[in-house]
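Below is one structure; the comments refer to it alone.
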Amino acid sequence: MNPDTNDTIGLSRRKLLAGLGAVGVASAGAGLGTTAYFNDTESFEGNTLTAGSLDLFVDYEASYDSDGTVVNQAETAAGEQDGTPAGMFYDLDDVKPGDSGHVEFCFRIVDNPSYMWACGDLSQAENGMSEPEMSVDDTPDLGELGDAINARLVFCERDEAGDFVEGEELVSGSLVDVIAAITGGVPLDGMGMAGMTPGDQAEYSEVVEPEEGESYITGPCVCLFWEIPTGVGNEIQTDSLTMNFEFHAVQSRHNDGTANPCVPSITTRTGEGFAKQEEFATQQETSFARGRFGNNGSSGSWEVAVGPDVGSADTENYVWSSGTTVPFSYTYNGSGNASFTLDGVNVGSAIPAPSGKLAITTKADEATVSVANLSLDLNGAPTALSGPDAISATNDGADRDITYLVFDTDAADVANAFTISGDVTVSLQGDYSGSEEGVAFDISVE
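Mapping to this note's numbering: the sequence shown position 61 is 73, numbers consecutive.
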């Protein structure tokens with residue numbers, strides 16, 4: 013696991029091990045009295061209101077087991093995090109089949125009972141291919157390490173001897189699956205119960221009075237256990253990955269526990285040309301959806317399609333109305349199937365598992381194609397777009413105008429269900445030739 017890769021996710025998306033809280037002080041004085049011809053005064057003075065505090069500390073420890081030797085790999089492999097994002101504390105540069113390890117996170121909250129939330133992020137890189145890898149790996153631009161690692165995220169604690177005691181399991185699967193499950197935020201139950209929906213989880217409220225130092229509030233720790241099975245082969249050679257974790261404490265008083273502080277943010281940007289050629293590592297899409305301006309004619313003249321490629325896509329006809337804005341949505345169900353709906357016309361198809369970026373390409377010939385009001389939902393969680401939420405192409409002359417908007421998603425973001433939705437407007441000019449591919453918008457999946 014190597015942080016030195018150009019494919020890492022910037023911490024601007026999420027702050028690592030961040031504690032949410034604020035400390036404030038307010039004071040107020042009040043005096044009451046009566047004054048009359050006969051007078052007496054009773055006063056109530058020096059009244060103050062002082063805000064409490066909420067400060068999250070995360071104690072962490074990481075270990076790595078290779079050939080039976082359990083070691084910490086860096087000076088900061090164990091410690092306390094408070095404030096600014098922590099740097100890389102788990103830096104393994106030669107993992108191999110049979111290796112395993114763990115990361116443990118324990119929480120101290122000062123000084124209000126709180127709801128705890130966990131979020132995560134992961135990115136992978138191929139880093140070139142050795143000759144043995146080439147014989148078994150036909151994806152030279154996609155890393156496989158995260159998919160090859162078995163992982164479990166569980167509640168945990170240490171007994172009096174300092175050994176781990178595992179509690180209920182939050183999620184298990186490949187490391188990509190585990191991180192994907194918490195990308196949009198997962199509530200942590202103060203009683204260590206797994207599977208809680210937001211609002212049903214117990215607060216972290218256990219008060220600890222240490223012999224030295226101030227008291228704090230705590231609850232169950234969270235442990236990530238990982239292992240590379242011995243059956244994994246050369247497909248992971250030279251691959252690397254980076255994973256980020258983020259924890260939030262949100263005061264539980266006057267709060268029902270449903271507010272998710274982990275709402276993810278995805279960077280978007282626009283450019284000229286075909287998105288798959290300009291933005292995808294392989295310059296190819298694994299699947300697509302398309303709304304094109306055809307003639308609503310016989311077989312082969314479709315206007316709506318979705319699938320792994322044009323030849324095997326599911327298609328339907330649609331009558332466009334020039335200048336009219338209509339809604340569309342594209343949904344991947346997380347289990348190999350996608351659907352595309354344009355103004356009520358729906359198509360669906362099996363597709364390969366998405367592995368990275370998403371994009372929309374607009375194409376205009378003697379026309380204007382505008383896609384606006386874009387929104388992205390990742391695994392049931394609305395996602396903020398850090399960048400443009402609209403793209404358009406317009407042409408009045410030779411050739412087509414081709415533009416794109418790309419969502420900087422990664423493998424963990426798109427491993428589970430996701431939906432892209434928005435509005436599209438096609439406005440034709442009088443001299444449009446009627447070419448079936450001249451006016452269209454595509455949704456491309458890496």
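Quick reminder that beta carbons are idealized off the backbone N, C-alpha and C, glycines included.
DSSP-derived helix/strand/coil call for residue i
i	result
Ile-432	strand
Val-316	strand
Asp-189	helix
Gln-441	coil
Leu-397	strand
Glu-172	coil
Asp-106	coil
Leu-157	helix
Asp-71	strand
Asn-391	coil
Trp-129	strand
Asp-79	coil
Asp-413	strand
Ile-240	coil
Nearest-angstrom beta carbon gap, residue j and residue i [assumed within contact, 8 angstroms]
i	j	result
Arg-281	Val-451	Going by Cβ atoms, the distance from Arg-281 to Val-451 rounds to 24 angstroms, so no, they are not a contact pair.
Val-359	Ala-317	6 angstroms
Lys-375	Ala-350	Actually they do not touch by this definition, with Cβ atoms about 21 angstroms apart.
Ala-293	Gly-368	7 angstroms
Tyr-416	Ile-403	7 angstroms
Asp-111	Asp-77	7 angstroms
Pro-125	Ile-229	6 angstroms
Met-128	Leu-66	Not a contact, Cβ separation roughly 12 angstroms.
Asp-435	Val-338	7 angstroms
Ala-130	Phe-259	6 angstroms
Glu-116	Asp-251	Actually they are not in contact, since the Cβ atoms of Glu-116 and Asp-251 sit about 25 angstroms apart, beyond 8 angstroms.
Whole-angstrom distance between residue j and residue i, CA atom to CA atom
i	j	result
Asp-79	Lys-288	43 angstroms
Asp-133	Thr-336	39 angstroms
Ala-365	Gly-196	19 angstroms
Glu-73	Leu-390	30 angstroms
Ala-362	Ala-325	9 angstroms
Gly-356	Ser-439	19 angstroms
Gln-469	Leu-253	Any property of residue 469 remains undetermined from this structure, which presents the chain solely from 13 to 458.
Val-166	His-114	11 angstroms
Gly-91	Asp-71	6 angstroms
Gly-202	Asp-123	15 angstroms
Thr-373	Val-275	26 angstroms
Ala-271	Pro-210	8 angstroms
Val-331	Ile-161	48 angstroms
Gly-33	Val-262	Its pLDDT being 29, under 50, Gly-33 is placed unreliably in this model, and the value from its coordinates should be taken loosely. Going from the Cα of Gly-33 to the Cα of Val-262 covers about 7 angstroms.
Asn-329	Arg-302	12 angstroms
Gln-213	Ser-264	11 angstroms
Val-418	Ile-191	22 angstroms
Thr-384	Ser-398	Contrary to the premise, residue 384 reads as Ala rather than Thr in this sequence. Between Ala-384 and Ser-398, the C-alpha separation is close to 15 angstroms.
Closest Cα partner of residue i within the set the options
i	options	result
Ala-396	Arg-265, Leu-386, Ala-429, Ile-403	Leu-386
Tyr-344	Gly-392, Asp-401, Glu-92, Ser-382	Gly-392
Gln-136	Leu-370, Thr-421, Ile-455, Val-438	Thr-421
Glu-180	Leu-187, Glu-169, Ala-173	Glu-169
Pro-7	Pro-210, Ser-398, Asp-159	Lying before the first or after the last residue shown, residue 7 is absent from the chain, which here runs from 13 to 458.
Gln-295	Ala-130, Leu-104, Ser-456	Ser-456
Val-234	Gln-441, Glu-178, Ala-301, Leu-388	Glu-178
Asp-377	Asp-413, Tyr-330, Glu-224, Ala-384	Asp-413
Asn-307	Glu-284, Asp-268, Ser-184, Ser-333	Ser-333
Thr-327	Gly-346, Lys-108, Leu-354, Phe-257	Leu-354
Cys-118	Leu-157, Leu-68, Leu-104	Leu-68
Segments assigned beta strand (DSSP E), at least 3 residues, entirely inside the segment 310-386: Within the segment 310-386, the complete beta strand (DSSP E) runs of at least 3 residues are 316-319, 326-328, 337-344, 349-354, 357-362, 370-376.
>> Quick check for students: name the residue ranges of the beta strand (DSSP E) that lie wholly in the segment 245-304, counting only runs of 3 or more.
In response: The beta strand (DSSP E) runs of length 3 or more contained entirely in the segment 245-304 are, from start to end of the chain, 252-263, 277-284, 299-304.
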